[in-house]
Amino acid sequence: MTPSTVPQKKIFHPKSAQARRRIAVAVADNLLFRNLDEEQKEEVFDAMFEKFVEPGVSIITQGDDGDYFYVVDSGEFDIFVQKGSAPPAKVVTVGAGGSFGELALMYNAPRAATCTATQRSSVWALDRVTFRRMIMDNTSSKRKMYERFLREVPVLADLSDSEIAKIADVVDPLPFKDGEVIIRQGDAGDKFYILAEGAASVKQKKGDAAELELCRLHKGNYFGEIALLTDRPRAATVAAFGDCKVVCIDRPAFTRLFGPVQDILRRNIGNYKTYEYILAYGSSDDAAASSDAAPSADGDEVMRAFTGSGAAPGQVRLTSIGFSHYVEKVRWALDVAGIDYVEDPHAPGMHVPFADAVTSGRSSMTPIVSWPDGHYTHDSTAVLLELDDVYGLGWYDPDQTGDAAVTDAIVQLEDYFDDMLGGPSRSFVYAYLLAETELMREVCNNVSTAAERAVLPVAYNGILSGIRRSLRIHDEGARLAQEQIGRVFDNVEALLADGRSYLAGTTKPSAADFTFAALAYPILFPSEHESLLFARERMPAAAKPILDAFVARPAGQFALRMYAEHRFPDSYHTKRFNAAGVQQIIHKRGTYPNFAGWVYATIAASVVVAGGWALKTWLNW
Ligand SMILES: N[C@@H](CCC(=O)N[C@@H](CS)C(=O)NCC(=O)O)C(=O)O
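Number 241 in UniProt numbering belongs to position 241 of the sequence shown; there are no gaps in the numbering.
Given below as C-alpha cells:
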C-alpha cells in the first residue's frame with residue numbers, strides 16, 4: 001500500500017455553523033483551497049480549530065519543525081525572515097483570509113519565517129496530516145501540470161526545481177474574456193500575473209492624450225510586478241486580447257516564493273517601460289535623459305586627445321555608434337538646427353572607451369553631444385530638448401500656439417517611439433544582419449576610424465556575439481520585433497487617418513516626426529541614407545518582403561516623406577553623408593593627433609605578440 005491509500009483517521013473539531021461560515025469566508029480566495037471540491041472542503045473545515053494569538057506573540061518561529069498550517073480569520077501577522085547573522089527583516093504582513101505555514105508541511109523543512117501577531121488575532125489551524133492528505137495530494141497533479149509551463153517562463157529560468165514546484169503549488173490560471181480588464185492603470189496592485197494561454201494587450205494613457213497600445217503579451221510574459229515591488233499604482237492597463245488565461249500570484253505568496261527572482265524583476269523595472277520589451281529585446285535604455293556636468297578641464301583635454309576628434313576647441317562634437325538610429329535622430333536635429341558639428345563615429349563595442357572618456361565613465365550609451373562650454377548631453381531626447389531650448393527651434397510647439405496639450409502630445413509621442421520603436425527596429429535589422437557576416441563587417445568598417453579598422457579583424461567576432469547577447473537577438477526576437485513595429489505603424493496610421501500632415505496635428509514637423517522617421521530608418525532604408533547603412537536591396541532575401549511591406553504602409557511612406565522633405569534642409573550646409581559616405585567624416589578629422597589609433601594599434605600588436613609567444617611556449621612544452 002502506498003501512504004496515500006492507507007486509511008487515515010479523520011480529525012474532527014466540533015464547531016458551530018457560524019464558525020464554518022467564517023472559515024469558508026477566510027479561505028474563499030486562498031489558492032491552496034481552490035482545487036478542493038465541496039466534500040473535501042467540509043472535511044478540511046472539520047479538521048480546523050480556532051486559535052487566538054495575543055499581540056507580539058509568534059505563532060510560528062523560524063527554524064522550528066512544522067506542525068500546523070494557518071488561515072488568518074481576524075487580525076494581522078508580520079512575517080519576518082532572518083538571513084545569516086543579519087537581524088530578522090519583515091517581508092510582508094498577512095491579514096484576514098491570508099495563510100502561512102504550508103511550506104514546512106509540504107517540504108518537511110524547518111519553518112522558513114517567523115509569524116508574529118501585530119494585534120489580538122485569530123487563526124484557523126490545520127494539522128500536518130490532514131494538510132498533507134487533503135491539500136497536498138490534491139495539488140500534486142496540478143503541480144505537474146504547471147511545472148512545465150513555469151519552467152518555460154524566462155524570468156524564472158534561474159529558479160531551482162523545488163522553487164518552481166513551490167510556485168506551481170500555489171498558482172491557478174484564471175480565465176479572462178476578450179477585452180476584459182485584468183489590471184487597470186492607476187489601481188493599487190496586490191497581484192502578480194503570468195500569461196498562461198492566449199494574449200493580452202497593454203495600454204497606457206498619459207495626461208489628456210488618447211490611450212496608446214504599448215505592446216501585446218504572450219504565453220510566459222509576466223506583468224503586475226511593478227506595483228508589487230514598489231507599491232506604485234499600476235503603470236498600465238492590461239486586458240485580454242481574445243480569450244486568455246493568466247496565472248495569478250498574490251502579494252504574500254509573491255513575497256515568499258519569488259524571493260530569488262525579485263532582484264531580477266526589480267532590476268528589470270528600471271530598464272524597461274513595458275513588459276514584453278525586456279523579454280524580447282533585452283535592456284537598452286537604462287539612461288534617463290541627462291545632461292551631466294562636464295569632466296574637469298584637464299579631463300576634457302585628455303579626452304579630446306584620446307578620441308582624436310577633429311573638433312576644434314569650442315566646437316560641437318557628436319560621439320556615436322555610426323549607424324545607430326538614435327544617433328541619426330540627433331544628427332538630424334543638429335542638421336536642422338544648422339549647427340556645425342563633428343562626429344566621431346565608431347562600431348558597436350569600439351565606442352565604449354570613447355563614450356567613457358567623454359562622460360568620465362558615466363555612460364557608454366550613444367549619442368553623446370559635447371557642447372562648446374564643456375558640458376555634455378546624452379540621450380537623444382535630452383539633446384533635442386536642449387537644442388530646442390537654446391536655439392528656439394520650436395520642435396515642441398511648431399505652430400507657436402503656446403498650447404501645452406500640443407507640447408504634451410509631442411513629448412509623449414517622442415517617448416513612445418524611443419521606447420517602443422527604437423529597440424524593435426534595431427533588433428529586427430540585427431537579427432538579419434548578424435547572419436550576414438560580410439555585410440556586417442562592411443557596415444562596421446564604414447563607421448570605424450582607420451585604427452579601429454586595424455583591430456576589427458581581431459575584435460569582430462566578439463562584437464557580433466556582444467550584440468547578440470546584450471540585445472538578445474534571436475529568431476523569436478525578430479518575430480516579436482516585427483509585430484511590435486507593426487503595432488507602432490498601426491498607431492501612427494491611426495493618427496494620420498484624419499489627413500493631418502504631421503503626427504501631433506501641427507502644420508510643421510515636430511520632434512515627434514523626426515523621431516519616428518529616424519528610428520524607422522533601419523527598416524525603411526531611405527535613399528537619403530544609403531551611404532550610412534546600405535541600400536535596402538542588399539538586405540537578406542528573407543527580410544526583403546517584410547521590409548517592402550513596411551515601406552508600402554502609410555506610416556512607412558510618411559517616414560520616407562519626412563526624409564525627402566526635411567532631412568537635409570537649407571540649414572544643412574555641409575552634406576557629410578553623400579555618395580562618398582561616412583568616409584568624409586573620417587577624412588575631416590585630424591586637427592588633433594589620433595591617440596586612439598595608437599591605443600588600438602598597440603593593443604592589436606600586443607595581442608598578436610602575446611598570442612605568438614603563448615603558442616611558441618606551448619609548442620616548446
Ligand atoms: N534612449 C537612448 C537610447 C540610445 C541607445 O540605445 N543607444 C545604443 C545604440 S542604438 C547604444 O549606444 N548602445 C551601446 C551601449 O549601451 O553601450 C537615446 O534616445 O539616446
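Built from N, CA and C at the ideal position, the CB exists for glycine as well.
Everything numeric in this text was worked out from a predicted model, so none of it was measured.
Using DSSP bridges, identify the partner residues of residue i.
i: Glu213; result: Lys203
i: Gly95; result: Glu76
i: Leu174; result: Val246
i: Ile167; result: Ile167 is not bridged to any residue.
i: Tyr222; result: Ile194
i: Ala240; result: Ala200
i: Thr116; result: Ser58, Asp78
Could you check how far apart the C-beta atoms of residue i and residue j are, in whole angstroms? I think they sit under 8 Å.
i: Thr515; j: Asp419; result: Contact doesn't hold; Cβ gap of about 11 Å is too wide.
i: Arg111; j: Gly66; result: 6 Å
i: Leu105; j: Phe69; result: 6 Å
i: His325; j: Tyr521; result: 5 Å
i: Ala337; j: Glu414; result: Not confirmed; about 16 Å, so no contact.
i: Asp399; j: Lys508; result: 7 Å
i: Val411; j: Tyr396; result: 7 Å
i: Val44; j: Met134; result: 5 Å
I need the DSSP call for residue i, collapsed to helix, strand or coil.
i: His375; result: coil
i: Ser284; result: Confidence is the limiting factor: at Ser284 the pLDDT is only 31, short of 50, which leaves the residue's position unreliable, though a coordinate-based value still follows. In this structure, Ser284 counts as coil in the three-state DSSP scheme.
i: Thr515; result: helix
i: Ser122; result: strand
i: Leu318; result: strand
i: Glu180; result: coil
i: Val81; result: strand
i: Ser527; result: helix
i: His566; result: helix
i: Lys51; result: strand
i: Val71; result: strand
i: Lys41; result: helix
i: Ser370; result: strand
i: Ser296; result: Bear in mind that a pLDDT of 26 at Ser296, under 50, signals an unreliable position, so the model cannot answer this.
i: His13; result: coil
i: Lys508; result: coil
i: Arg20; result: helix
i: Asp208; result: coil
i: Phe306; result: Here the model assigns Phe306 a pLDDT of 27, short of 50, so the residue's position is not dependable, and the following value carries that caveat. DSSP places Phe306 in helix when its eight states are reduced to three.
i: Asp127; result: strand
i: Val342; result: strand
i: Phe100; result: strand
i: Ala555; result: helix
i: Ala89; result: strand
i: Tyr460; result: helix
i: Glu452; result: helix
i: Ala541; result: coil
i: Val390; result: helix
i: Trp395; result: coil
Just the Cα atoms here: how many angstroms apart are residue i and residue j?
i: Met350; j: Ser364; result: 10 Å
i: Asp490; j: Ser121; result: 55 Å
i: His13; j: Gly63; result: 28 Å
i: Lys203; j: Thr381; result: 22 Å
i: Ala355; j: Val342; result: 15 Å
i: Pro345; j: Ile546; result: 29 Å
i: residue 622; j: Pro526; result: The question about residue 622 has no answer, for the chain in this structure spans 1 to 621.
i: Leu495; j: Gln557; result: 14 Å
i: Thr61; j: Pro424; result: 50 Å
i: Leu159; j: Asn30; result: 24 Å
i: Gly97; j: Phe52; result: 15 Å
i: Ala559; j: Ala518; result: 8 Å
i: Leu533; j: Val443; result: 6 Å
i: residue 622; j: Phe131; result: With the chain covering only 1 through 621, there is no way to say anything about residue 622.
i: Val171; j: Ala47; result: 24 Å
i: Glu528; j: Leu229; result: 46 Å
i: Ala253; j: Arg21; result: 24 Å
i: Gly361; j: Val330; result: 21 Å
i: Glu301; j: Leu318; result: Model confidence at Glu301 stands at a pLDDT of 28, short of 50, so the residue's coordinates are unreliable; what they give is reported in the following sentence. The alpha-carbon atoms of Glu301 and Leu318 are separated by roughly 16 Å.
i: Arg468; j: Leu126; result: 52 Å
Can we say the stretch 77 to 85 touches the stretch 113 to 129, given the rule of at least three CB pairs closer than 8 Å?
yes
Check whether the stretch 495 to 508 touches the stretch 432 to 446, taking contact to mean three or more Cβ pairs, one atom from each stretch, closer than 8 Å.
no
Stretch pair the stretch 189 to 200 + the stretch 212 to 226: three plus CB contacts closer than 8 Å
yes
With three or more beta-carbon pairs closer than 8 Å as the criterion, would you say the stretch 82 to 91 touches the stretch 146 to 161?
no
If contact is defined by three or more beta carbon pairs under 8 Å, each pair taking one atom from either stretch, is the stretch 230 to 245 in contact with the stretch 178 to 196?
yes
Between the stretch 454 to 463 and the stretch 184 to 193, are three or more C-beta pairs nearer than 8 Å?
no
Taking 8 Å as the threshold, find out whether the stretch 204 to 214 comes into contact with the stretch 400 to 412 through three or more Cβ pairs.
yes
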